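Residue numbering for the sequence shown follows numbering that gives the first Met the number 0, starting at 0 and increasing by one per position.
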Amino acid sequence: MPCKPNTFKARVAAGEKLIGLWCSLTSATSVEVLSTIDYDWFLLDMEHAPNSLGDIVDQLRVLDSSAACGFVRPPCNDSVVIKRLLDAGAKNLLFPYVQNANEAREIIRATRYAPDGVRGVSTAGRAALYGDYPNYLKVAVDEIVIAIQIETAAAIQAIPSIVALAEIDIVFFGPADLSADMGLLGQPEHPDVRASIAAAIKQVTAAGKMAGVLAPNPSVARAYYEAGAKFIAIGSDLGCLLTQAKALLATTQDF
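Listed below in structure tokens is the structure:
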């Protein structure tokens, strides 16, 4: 089957601990290697990595033969970009830099067909098994996971109205951009940033939504988990490569 059914939405609804890894190397081979490890999800990044739509499809194909789930972060929250990703088989999307409930509503509409939204209609793409998915137009929405990324202090203030939207599955915090917005550029682990995110995580979970965060420092990741975050990225493919390459070279210093 070109595009496997999405079971991830049920895992989110069940409140499972879901540990993931950021992927920005634009390589289906590297994703395939990583998919042999028991991560729950891999984020295929288009915002800060040079992934094309074709690159994303290649990586999703790899993950279709894996137990891991593929998430895609589009480069922007444009309805045409969203439409193309959905048609290509992306079912789990992390939308960057959402500032308020109105922006979240537009994202929701971009993932729905009329009359509930503005997604263009086609059954010729990979998501609809190239026309061989019975009733795709009516059931497609049932498999889509919407994660909203909060990256500014203003967006944190908008959390109550964002989590009130039933279609939102996950609220995800980006410490790097949030720290910059707080006047702490390059300090994503600053105590003020951590305190702001921890408080917001509790707000999200109290509303019955899953909270997520990017936390490559294990102690920080644990603190966010203890605050209630369940959807946690603990590092990146690039970071793993760089860290291990440096450690390996360091073993030769006394040769």
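Glycine included, C-beta positions come from ideal geometry on N, C-alpha and C. Just so it is clear, the structure is predicted and the values come from calculations on it, not from any experiment.
| query | result |
| --- | --- |
| Cβ distance (whole Å) where Trp40 is taken to contact Asp236 below 8 Å | Not confirmed; about 13 Å, so no contact. |
| Burial state of Arg10, where buried means 16 or more other Cβ atoms lie within 10 Å | buried |
| Nearest to Arg193 (by Cα), restricted to the options Pro217, Phe171, Tyr223 and Ala210 | Tyr223 |
| For Ser195, three-class secondary structure by DSSP | helix |
| Straight-line gap, Ile149 to Leu247 (C-alpha atoms, nearest Å) | 36 Å |
| Pick from Phe254, Pro215, Arg221 and Glu225 that is closest to Thr242, judged by C-alpha positions | Pro215 |
| Gly130 to Ala123 span [Cα, whole Å] | 5 Å |
| CB contact below 9 Å: Glu225 versus chain D | No chain D appears in the structure shown, which is made up of a single protein chain. |
| Inside the segment 164-252 only - alpha helix (DSSP H) runs reaching at least 4 residues | 174-180, 190-205, 217-226 and 236-249 |
| Which residues DSSP lists as bridging Arg72, in chain order | Asp44 |
| Cβ pair Ile143, Ala103 closer than 9 Å | no |
| Start and end residues, beta strand (DSSP E) containing Asn91 | Asn91 to Phe94 |
| Residue of Ile55, Asn134, Asp180 and Ala67 minimising C-alpha distance to Gly88 | Ile55 |
| Distance, Val117 Cα to Leu92 Cα | 17 Å |
| Cβ-Cβ distance between Cys75 and Glu46 below 9 Å | yes |
| Top-ranked residue by Cα proximity to Ala197, from Gly211, Tyr112 and Glu31 | Gly211 |
| Nearest neighbour of Gly173, chosen from Ala13, Ala165 and Ile231 [CA to CA] | Ile231 |
| Nearest-angstrom Cα separation, counted from Leu17 out to Gly227 | 12 Å |
| Touching by the beta-carbon criterion (3+ pairs, under 8 Å), the segment 27-41 and the segment 55-72 | yes |
| Simplified DSSP assignment, three categories, for Val117 | coil |
| Beta-carbon proximity check, Ala199 vs Val219, cutoff 9 Å | no |
| Sequence-distant residues of its chain with Cβ nearer than 7 Å to Ser26 (five each side left out) | none |
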